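Residue numbers (this note's numbering), protein chains in the order written: chain A, 955 to 1294; chain B, 955 to 1294. These notes concern the structure reproduced below.
2 protein chains.
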Amino acid sequence: MLLRTPFAALLLILVQWMSGGGLLRAADPLPSWNDGPTKTAIIEFVERVTDKNSQDYVKPAERIATFDNDGTLWSEQPMYFQLAFALDRVKSLAPKHPEWKDQQPFKGVLEGDLKAVMAGGEKSLVQIIAATHAGMTTEEFEQIVLEWINTAKHPKTGRLYREMVYQPQLELLAYLRASGFKTFIVSGGGIEFMRPWTEQTYGIPPEQVVGSSIKTKFELRDGKPVLVRLPAINFIDDKEGKPVGINSHIGRRPIFAAGNSAGDRQMLEYATIDNPHPAFGLLVLHDDAKREYAYGPADGLPDSKIGTFPQSLMDEAQQRGWTVVGMKHDWKVIYPPLKK
Amino acid sequence: MLLRTPFAALLLILVQWMSGGGLLRAADPLPSWNDGPTKTAIIEFVERVTDKNSQDYVKPAERIATFDNDGTLWSEQPMYFQLAFALDRVKSLAPKHPEWKDQQPFKGVLEGDLKAVMAGGEKSLVQIIAATHAGMTTEEFEQIVLEWINTAKHPKTGRLYREMVYQPQLELLAYLRASGFKTFIVSGGGIEFMRPWTEQTYGIPPEQVVGSSIKTKFELRDGKPVLVRLPAINFIDDKEGKPVGINSHIGRRPIFAAGNSAGDRQMLEYATIDNPHPAFGLLVLHDDAKREYAYGPADGLPDSKIGTFPQSLMDEAQQRGWTVVGMKHDWKVIYPPLKK
């Protein structure tokens, strides 16, 4: 007894010193985020809704987090990556369609004349989607997407497109999940374009991906069940469509919503206004021309052509207390380190 | 040592006896299922896909189970319970619609003349749905459903409708979840009619409910975000629609699918034919006129009017090796004990 008591007391002192001094403090959940008001706001919110002694406590089942994809979880310049996929796909299919050499918008795609393609407006886009995204089964399309996403490279960075996800956002998704949140993607992009790779890339399984879709049709083909992708729009998951898609797929209001453009405005409104729970709105501002791209309303930046972040959205963010993440100052790194 | 060894040996013998003799055997996961080929088939399948040493092992993320609702998880006689809800709703709303006294199908509902209602066919049904399911916000509709489901009683049993869920199926759902499955409802019923109570009743959260839906529209009403339910069909989650709904909401093929009628045929085909994983198809046969209802193709039973289980489905079940659950012989009890 005499021998053991001083040892126990010493141990107690040691433990107190370690915890008080920070040696036992939890590791930083967001290591790629610079210290500052943005990071603090995120962590304080998460701690507030997960602390059982807080009056703002939210049960795990209600901790729904929704993230836009293009420009929020990965880059979207110089064009949406799904559009790059579609254009590559037109080139792959061209040998089977000799008539495309003389037909817009395909002619423009094959000749690299994007102005001619865009001149056709929405009609051209629908023609390209129909030619590249429909006419096969869902399983065939999944294979086509996987082949592209595992090989196609971005013209500026030389990275695979799937390597152009934002490292700080990967950490934020993981932090939210470790805090009992269920993380969802809610994107204007195609649901079946994202699902084949979101689980491996973001840790988000297919059933937690919400997106735009074309119609499908069930049939037994040679006795085997398939879903055939039809050239007809089913749902556009953008702007007012995002709350509709969230309600349809999730059936609960998010308490955390992240976006980067006017297409995300209604999702953030749906999450943060008049929500019985505390809720967090986050907008990514692309203000880092050196490490990524700069577009949006910030001083000296040109107006955006795609993924617009208009001044009215910035005004609304200030009015409603949404947190604006400036990539330049808030993020230590943009992309994950490349695997050798 | 001399004293302790005999004791340890005794303990070892005791433990071996207890485990060998069944005292330490795992508790029966399906206590309301009678022993027999049906129960054995279910348990053998679950053990096969969850045993890491089995070549049929399926990773937890791929363990998707989909259940029809009406007639599979709860009763559906003498009419779909959602139809009973709609008729009750017409009666509640009647004072605000004096014109209904002279207008079919509402006149028929108010006078209890269901033949007159049904004479109007699908058009009448759509009118009733529009009058009772649309025109309010999703949150208002949720409250209306909750009020009904917590008070309305079945004409024959006197139970609350929500107490007419099948006890053996509650155990099956729990057993699958305990075995790493993610359980979904995939029903022809309305998605927003089910979601308010499925979590408490079945342990299935709103984001795992797939069903038929009407269109909704996002708007800021008095500055607050709402989704307004519109009198327009969005999606019918029945027959060929079930695989479409599964793909849209889940994005993976189920490896366990349960239904009870021709409306579930395509879901079971989608799950069990040409699936790279082992898959289980289950059909509930209502052959118990005494404890529940009897309808379907079995000897001496009348052809079904709703929730049809035609002979062709029975033939397909035999051909494809789907397991048919006979309520009369396979289930010890039908409904859960009533809470006092």
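Using N, Cα and C, we set each Cβ at its ideal position, and we do this for glycine too. What you are looking at is a predicted structure, and each value in this text was computed from that prediction instead of being measured.
| Check | Outcome |
| --- | --- |
| Cβ neighbours of B:Pro-1290 in the same chain (closer than 8 Å, five flanking residues each side left out) | Glu-1117, Val-1119, Gln-1121 and Leu-1124 |
| Under 8 Å from the C-beta of B:Ile-1204: neighbouring residues of chain A | Pro-1160 and Glu-1161 |
| Inside the region 1199-1244 of chain A only - beta strand (DSSP E) runs reaching at least 3 residues | 1210-1213 and 1234-1241 |
| Under 9 Å between C-beta atoms of A:Ile-1018 and A:Phe-1189 | no |
| DSSP state of B:Ile-1139 mapped onto helix, strand, coil | strand |
| Under 9 Å between C-beta atoms of A:Pro-1179 and A:Ile-1168 | no |
| Test: A:Ala-1015 CB closer than 9 Å to a CB of chain B | yes |
| Residue-level contact to chain A via CB, B:Ser-1166, 9 Å cutoff | no |
| Cross-chain neighbours of A:Ile-1227 in chain B, by beta carbon under 9 Å | Leu-1174, Gly-1177, Lys-1178 and Pro-1179 |
| Status (buried if at least 16 other CB within 10 Å, exposed otherwise) for B:Gly-1075 | exposed |
| Under 9 Å between C-beta atoms of A:Gly-1246 and A:Gln-1036 | Looking at the sequence shown, residue 1246 of chain A is not Gly but Glu. Against a cut-off of 9 Å, the Cβ pair of A:Gln-1036 and A:Glu-1246 comes out as no contact. |
| C-alpha gap between B:Gln-1272 and B:Lys-1107, whole angstroms | 37 Å |
| Environment of B:Asp-1192 [buried if 16+ CB atoms lie within 10 Å] | buried |
| Local conformation of B:Gly-1074 per DSSP, three classes | coil |
| Closer than 9 Å to chain A by CB, B:Ile-1145 | yes |
| B:Ala-1132 vs B:Pro-1014 beta-carbon contact at 9 Å | no |
| Nearest-angstrom Cα separation, counted from B:Ile-996 out to B:Ala-981 | 16 Å |
| Classification of A:Ala-1073 by the beta-carbon crowding that lies within 10 angstroms, buried from 16 upward | exposed |
| Per-residue contacts from B:Val-1198 into chain A (C-beta, under 9 Å) | Lys-1169, Thr-1170, Lys-1171, Phe-1172 and Leu-1181 |
| Local conformation of A:Val-1180 per DSSP, three classes | strand |
| Interface residues of chain B facing A:Asn-1349 [CB-CB closer than 8 Å] | There is simply no residue 1349 of chain A to check, as chain A begins at 955 and stops at 1294 in what is shown. |
| Proximity winner among A:Leu-1267, A:Met-1090, A:Ile-1145 and A:Arg-1113, relative to A:Glu-1173 (alpha-carbon distances) | A:Met-1090 |
| Contact set for B:Asp-1218: own chain, Cβ-Cβ below 6 Å, skip 5 residues either direction | Asp-1022 |
| Validate contact between the region 996-1010 of chain A and the region 1229-1238 of chain A using beta carbons, cut 8 Å, 3 pairs | yes |
| Cross-chain neighbours of B:Arg-1303 in chain A, by beta carbon under 7 Å | The requested residue 1303 of chain B does not occur in the structure, where chain B is confined to residues 955 to 1294. |
| Contained beta strand (DSSP E) runs [length at least 3] in the region 1078-1149 of chain A, N- to C-terminal order | 1136-1144 |
| Residues in the region 1210-1242 of chain A having any Cβ partner in chain B nearer than 8 Å | Gln-1220, Glu-1223, Tyr-1224, Ile-1227 and Asp-1228 |
| Near-chain B residues of the region 1182-1195 of chain A (beta-carbon distance less than 7 Å), N- to C-terminal order | Glu-1194 |
| Within-9 Å CB hit, B:Val-1018 to chain A | One detail in the question is off: residue 1018 of chain B reads as Ile in this sequence, not Val. Yes, B:Ile-1018 counts as interfacial toward chain A. |
| Cβ of B:Leu-984 within 9 Å of any chain A Cβ | no |
| Those residues which DSSP pairs with B:Thr-1020 across a bridge | B:Phe-1138 and B:Ala-1211 |
| Pairwise C-alpha distance: A:Phe-1039 and A:Gln-1009 | 47 Å |
| First through last residue of the alpha helix (DSSP H) which encompasses A:Val-1287 | Premise fails: A:Val-1287 is in no alpha helix (DSSP H) and is neither H nor E. |
| Proximity to B:Ala-1128 [Cα-Cα], best of B:Tyr-1156, B:Ile-1103 and B:Arg-1113 | B:Tyr-1156 |
| Close beta carbons around A:Ile-1139, own chain, < 8 Å, minus the five adjacent residues each side | Thr-1020, Phe-1021, Asp-1022, Asn-1023, Leu-1027, Met-1148, Thr-1152, Tyr-1156, Ile-1158, Gln-1162, Val-1163, Val-1164 and Gly-1165 |
| Contact under 9 Å by Cβ, B:Leu-1126 with B:Ala-1212 | yes |
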